[in-house]
Amino acid sequence: MSREHCYKLLSQAIGEAVKLETSDGALYKGIVVQLDANYLYLYGIDENEKQQGMVQITPDNVDVIPLASIVMLDILSIF
Numbered sequence: 249m250s251r252e253h254c255y256k257l258l259s260q261a262i263g264e265a266v267k268l269e270t271s272d273g274a275l276y277k278g279i280v281v282q283l284d285a286n287y288l289y290l291y292g293i294d295e296n297e298k299q300q301g302m303v304q305i306t307p308d309n310v311d312v313i314p315l316a317s318i319v320m321l322d323i324l325s326i327f
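All the letters of the sequence shown, read from the start, carry residue numbers 249 to 327 under this note's numbering.
This is the structure in structure tokens:
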């Protein structure tokens, strides 16, 4: 998946939950909190938050993922 294609999809998914896999095999599930030309900023969701329907985003909990490393992307419906 190209960086440009990821950017286009994710720019429409700010605030939405996504599941993705990177080229090194890492799996992520979280909320898209920010996006720039090269990186996705993703707040990881754990199962407790998912069940409670509550999410508190702090800078400590945000993963920074290079767009060029994303090989699979799903937009999720969690609530």
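The beta-carbon is built from N, C-alpha and C at its ideal position, and this holds for glycine as well. Nothing here was measured: the structure is a model prediction, and the numbers come from that model.
(message) Tell me whether Lys256, by its Cβ, gets closer than 6 Å to a heavy atom of the ligand ZN.
(response) Judged by which ligands are present, the structure shown has none, so any question about the ligand ZN falls away.
(request) Check each candidate in Ala274, Leu283, Ser250 and Glu264 and name the one with the smallest Cα separation from Ser325. (result) In the sequence shown, residue 325 corresponds to position 77, counting from 1. Ranking the options by Cα distance to Ser325, first place goes to Glu264.
(request) Taking Val312 as the reference, give the member of His253, Met320, Lys256 and Thr270 with the closest Cα. (result) Translated into positions along the sequence shown, residue 312 becomes position 64. Of the listed residues, the one whose Cα sits closest to Val312 is Thr270.
(request) Take Ser259 and list the residues in its own chain whose beta-carbon comes closer than 7 Å to its own, dropping the five residues that flank it on each side. (result) Locating residue 259 in the sequence shown gives position 11, where the first residue counts as 1. Same-chain partners within the cutoff: Leu283.
(request) Mind checking who Gly278 pairs with in its DSSP beta bridge? (result) Stepping through the sequence shown from its first residue, residue 278 is reached at position 30. Note: Gly278 sits in a beta bridge opposite Val266 and Gly292.
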